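Going line by line, the protein sequences match chains A and B. Under the numbering used here, the letters of the first sequence match residues 114 to 281, in that order. Under the numbering used here, the letters of the second sequence match residues 17 to 577, in that order.
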Amino acid sequence: MKHTIAVQVENKSGVLSRVANLFSARGFNIDSLVVGETEDAAVSRMTIVLRGDDKVIEQVTKQLNKLIDVIKVTDLSSESFITRDLALIRVNAASSARARLLEIVQIFRARIVDISSKSVIIEITGNESKIEAMIDMLRSFGIQELVRTGEVAIARRGGNGGRLLAGR
Amino acid sequence: MKKRTGAEILLEALKKQGVEVVFGIPGGVMLHIFDEIYKSDLKFVLTRHEQGAAHAADGYARATGKVGVCLVTSGPGATNTITGIATAQMDSVPMVVITGQVVTQIIGTDAFQEADITGITRSISKHNYLVKDVEELPRVIAEAFHIAGSGRPGPVVVDLPKDVTTAQSDCCHPEKVKLRSYRPTYHGHPRQIKRAAEAIAAAKRPVIYAGGGVVISPRGATELGKMVRKADLPVAMTLMGLGCYDGTERRSLGMLGMHGTYCANMAVSACDLLIAVGARFDDRVTGDLNKFASHAKFIHIDIDPAAISKNVKIDIPIVGDAGNTLGELNKLLKGRKLAKWWQQIDNWRRKHPLGYKKQRGVIKPQQVVEEIDRLTKGQAIIATEVGQNQMWAAQFYLYQKPRQLLTSGGLGTMGYGFPAAIGAQFARPRATVINIAGDGSMQMNIQEMATAVEHKLPIKVAILNNNYLGMVRQWQEMFYGKRYSATSLAVAPDWVKLAEAYGGVGLRAKKPEDVPRVISEALRIKDRPVLMDFIVAPEEGVYPMVPPGGGLNEMILGGKK
Ligand SMILES: Cc1ncc(C[n+]2csc(CCOP(=O)(O)OP(=O)(O)O)c2C)c(N)n1
Ligand SMILES: [Mg+2]
Numbered sequence: 114m115k116h117t118i119a120v121q122v123e124n125k126s127g128v129l130s131r132v133a134n135l136f137s138a139r140g141f142n143i144d145s146l147v148v149g150e151t152e153d154a155a156v157s158r159m160t161i162v163l164r165g166d167d168k169v170i171e172q173v174t175k176q177l178n179k180l181i182d183v184i185k186v187t188d189l190s191s192e193s194f195i196t197r198d199l200a201l202i203r204v205n206a207a208s209s210a211r212a213r214l215l216e217i218v219q220i221f222r223a224r225i226v227d228i229s230s231k232s233v234i235i236e237i238t239g240n241e242s243k244i245e246a247m248i249d250m251l252r253s254f255g256i257q258e259l260v261r262t263g264e265v266a267i268a269r270r271g272g273n274g275g276r277l278l279a280g281r
Numbered sequence: 017m018k019k020r021t022g023a024e025i026l027l028e029a030l031k032k033q034g035v036e037v038v039f040g041i042p043g044g045v046m047l048h049i050f051d052e053i054y055k056s057d058l059k060f061v062l063t064r065h066e067q068g069a070a071h072a073a074d075g076y077a078r079a080t081g082k083v084g085v086c087l088v089t090s091g092p093g094a095t096n097t098i099t100g101i102a103t104a105q106m107d108s109v110p111m112v113v114i115t116g117q118v119v120t121q122i123i124g125t126d127a128f129q130e131a132d133i134t135g136i137t138r139s140i141s142k143h144n145y146l147v148k149d150v151e152e153l154p155r156v157i158a159e160a161f162h163i164a165g166s167g168r169p170g171p172v173v174v175d176l177p178k179d180v181t182t183a184q185s186d187c188c189h190p191e192k193v194k195l196r197s198y199r200p201t202y203h204g205h206p207r208q209i210k211r212a213a214e215a216i217a218a219a220k221r222p223v224i225y226a227g228g229g230v231v232i233s234p235r236g237a238t239e240l241g242k243m244v245r246k247a248d249l250p251v252a253m254t255l256m257g258l259g260c261y262d263g264t265e266r267r268s269l270g271m272l273g274m275h276g277t278y279c280a281n282m283a284v285s286a287c288d289l290l291i292a293v294g295a296r297f298d299d300r301v302t303g304d305l306n307k308f309a310s311h312a313k314f315i316h317i318d319i320d321p322a323a324i325s326k327n328v329k330i331d332i333p334i335v336g337d338a339g340n341t342l343g344e345l346n347k348l349l350k351g352r353k354l355a356k357w358w359q360q361i362d363n364w365r366r367k368h369p370l371g372y373k374k375q376r377g378v379i380k381p382q383q384v385v386e387e388i389d390r391l392t393k394g395q396a397i398i399a400t401e402v403g404q405n406q407m408w409a410a411q412f413y414l415y416q417k418p419r420q421l422l423t424s425g426g427l428g429t430m431g432y433g434f435p436a437a438i439g440a441q442f443a444r445p446r447a448t449v450i451n452i453a454g455d456g457s458m459q460m461n462i463q464e465m466a467t468a469v470e471h472k473l474p475i476k477v478a479i480l481n482n483n484y485l486g487m488v489r490q491w492q493e494m495f496y497g498k499r500y501s502a503t504s505l506a507v508a509p510d511w512v513k514l515a516e517a518y519g520g521v522g523l524r525a526k527k528p529e530d531v532p533r534v535i536s537e538a539l540r541i542k543d544r545p546v547l548m549d550f551i552v553a554p555e556e557g558v559y560p561m562v563p564p565g566g567g568l569n570e571m572i573l574g575g576k577k
């Protein structure tokens, strides 16, 4: 099962490598890991998407929490939460194909952020399935390059949103 | 406060932490610190290899429960401590390892003797720091000692660039450590403790499975003893737990696991309630997990939440310090007798006690350990190397108190025992400290003989000399058709001469009747290390043995030669 875990960490050097290291040393697989600042400059937040049964999630959580710099671990997937992923996609865009491309961009509420004689760059924001669907649609045009940020997530309710797995 | 250099601040901080002795070796980037040490009254012990320094700090820590300290230079000095750090991490030993580092401006340039030691030690330490500013130094040292010694203890590495040791600051030492992200749980949850008490009262065939956590917890052994007597419980101990309950007492079943006693392994296999305290369900203990205590309910008391339900699903988990939690549990337990269960256990005990076949004219290694136990009245601090020597030291010396056995359980580090014995002897100058060694392991840190001679340490080393990497040979004998690939140690030093070359004493025993005499003679020497070379039966095996992949009740009981 897919889990989205939010990890609050001290904003210190070495923390990202500690977390990344833990996943490789203990043989846990992750789909994505995103890290960025939060409302508190001393705290960074990681959003980690990983797959595993309850036992794996329990171990991941406990091992994460054992790291001295980890403040709090929350399993967002246990409650309702919002996720967003952003993709930038450069696709072939011969003039004959542009009208059709524009249509797809509009349907997905994406944007064209750059354009040249042979290609366009499309920006799309959304949850994973929306982005996957868009990418599927674009394949037939020929994708030149694709980058994604990985998922960030937030609980819908403030305060105690999500299931607090460890920390206080 | 007046301005001092980083080196001075470091020494103040160590003093503030109550550090009595530091083990290590100097080097280029450490000159400033060692100049301060020269001027101070800090006791610094120069080992002959940084691995020796790390294990000595570990041995000091295990013998006392205090944080052991080691201090080494950058690059190779730091990387030489790696095995020592990993050893301490696996066995939860509190240690602070201070490594030198090249000046901050050239970090990352592959400078002379630069190694990314915080990167390298990330997965084998409890935590680590790279100090980039002298202003941080007092806080970092205070945090390092706090983290190393609290919760589930472990090694903390502090990497100190040379310019930080020379920079000046008027900073003060913090009175308290504040870490919002690190707050170990010392007290078990009352509701869980109540559930545990009920389960114990309801059990017909309960067994305690006690590990190193009971030794580490200050009140662990005392409260465990109370519980055992009150509820009439049998105690099986892990290698790391030996001594947490008196091994000479009737309710001790001895060690469980791969080379555990028949009665401990049978009792665990048949129990209806397993009470794990400060133990971690290691594969060397459980054997095949599907067959491990398969009729039992599990209680698990541990200070490390990550240890709980890692390998087996726990019915009643309790996160907390062993001593505190058992203390609370004891208040709820009622006195009872388990006569029927004990009858069965005593039958197992009588049927297959630990033993070995005597052989005329040949010293059996087990006899050496038994004699050491007898002649030290079971009161010595025993360090071990790794291999058969370690298992015989675990089986045939009956530890009576916690912190009597110093052994590398988790990592299984050959070369651990001798430097650990040095650390322990510094911690307990009047105690009899004996390293039970193998002829292979002893060659891995033999250079520390010079350290022991220099400090007139009366450490005894008992080499169970079988001319083999014996434990590996035993597996080759049992599972690889006696194809002894790379396990012969036929080319070996003359141990007696080697000891003498270092300025120590060398003794040798070739016949069973020599054994007590040699040990007694060694015990009389008080001013230098003694190396005893016991020429033992070369192909003796360690038994009982749970074969790899087997369940605990599927032991091979004795060797057929
Ligand atoms: C540093 C290290 N290298 C290799 C091993 C693998 N190993 C485990 S036991 C053993 C043999 C130890 O030989 P010896 O010290 O003579 O002890 P014996 O088993 O003969 O008592 C070896 C090589 C180890 N545990 N540690
Ligand atoms: Mg040997």
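Just so you know, even glycine gets a beta-carbon here, dropped at the ideal spot from N, CA and C. These figures come from a predicted structure and were not determined experimentally.
Label residue i either buried or exposed according to how many other C-beta atoms from any shown protein chain fall within 10 Å of its C-beta, with 16 as the threshold for buried.
i                      : result
residue 94 of chain B  : buried
residue 182 of chain A : buried
residue 275 of chain B : buried
residue 203 of chain A : buried
residue 215 of chain A : exposed
residue 361 of chain B : buried
residue 448 of chain B : buried
residue 114 of chain A : exposed
residue 137 of chain B : buried
residue 17 of chain B  : exposed
residue 105 of chain B : buried
residue 305 of chain B : exposed
residue 476 of chain B : buried
residue 577 of chain B : Annotation note: pLDDT 37 at residue 577 of chain B (below 50); position unreliable, no value reported.
residue 369 of chain B : exposed
residue 170 of chain B : buried
Between residue i and the rest of its own chain, which residues show a CB-CB distance below 7 Å, the 5 nearest in sequence each way excluded?
i                      : result
residue 32 of chain B  : 189
residue 486 of chain B : 403, 404 and 454
residue 559 of chain B : 572, 573, 574 and 575
residue 382 of chain B : 372, 408 and 412
Check whether the Cβ of residue i lies closer than 7 Å to any heavy atom of ligand 2, and answer yes or no.
i                      : result
residue 5 of chain B   : Look at the range of chain B in this structure, 17 to 577, and you will see that residue 5 of chain B is not part of it.
residue 514 of chain B : no
residue 505 of chain B : yes
residue 433 of chain B : no
residue 567 of chain B : no
Report whether the distance from the Cβ of residue i to the nearest heavy atom of ligand 1 is below 7 Å.
i                      : result
residue 404 of chain B : yes
residue 457 of chain B : yes
residue 555 of chain B : no
residue 68 of chain B  : no
residue 429 of chain B : yes
residue 464 of chain B : no
residue 273 of chain B : no
Just the chain B side, please: which residues come within less than 8 Å of residue i by C-beta, in chain order?
i                      : result
residue 197 of chain A : By Cβ distance, chain B contributes nothing, its closest Cβ being about 27 Å from residue 197 of chain A, past 8 Å.
residue 130 of chain A : 135 and 138
residue 123 of chain A : 197
Within its chain, find whatever has a CB closer than 6 Å to the CB of residue i; leave out the 5 residues flanking it on each side and keep chain order.
i                      : result
residue 413 of chain B : 385, 389 and 398
residue 324 of chain B : 316, 318, 330 and 333
residue 166 of chain A : none
residue 11 of chain B  : The shown model of chain B, from 17 to 577, leaves out residue 11 of chain B, and the question about it has no answer.
Are residue i and residue j closer than 8 Å when you measure CB to CB?
i                      : j                      : result
residue 311 of chain B : residue 333 of chain B : no
residue 264 of chain A : residue 241 of chain A : yes
residue 289 of chain B : residue 206 of chain B : no
residue 340 of chain B : residue 204 of chain B : yes
residue 163 of chain B : residue 172 of chain B : yes
residue 76 of chain B  : residue 468 of chain B : no
Using a Cβ cut-off of 7 Å, pull out every chain A residue sitting near residue i, in sequence order please.
i                      : result
residue 56 of chain B  : Going along chain A, no residue has its Cβ under 7 Å from residue 56 of chain B, so there is no contact; the nearest lies around 30 Å.
residue 196 of chain B : 184
Grab me the residues of residue i's own chain with a C-beta within less than 8 Å of its C-beta, minus the 5 sequence neighbours each way, in chain order.
i                      : result
residue 97 of chain B  : 66, 67, 69, 70, 86, 88, 113 and 115
residue 450 of chain B : 388, 392, 396, 397, 398, 399, 437, 475, 476, 477 and 478
Since residue i meets chain B, which of its residues come closer than 9 Å, beta carbon to beta carbon?
i                      : result
residue 175 of chain A : 320, 321, 322, 323, 324, 325 and 326
residue 228 of chain A : Under the 9 Å cutoff, chain B gives no residues; its nearest Cβ is about 41 Å from residue 228 of chain A.
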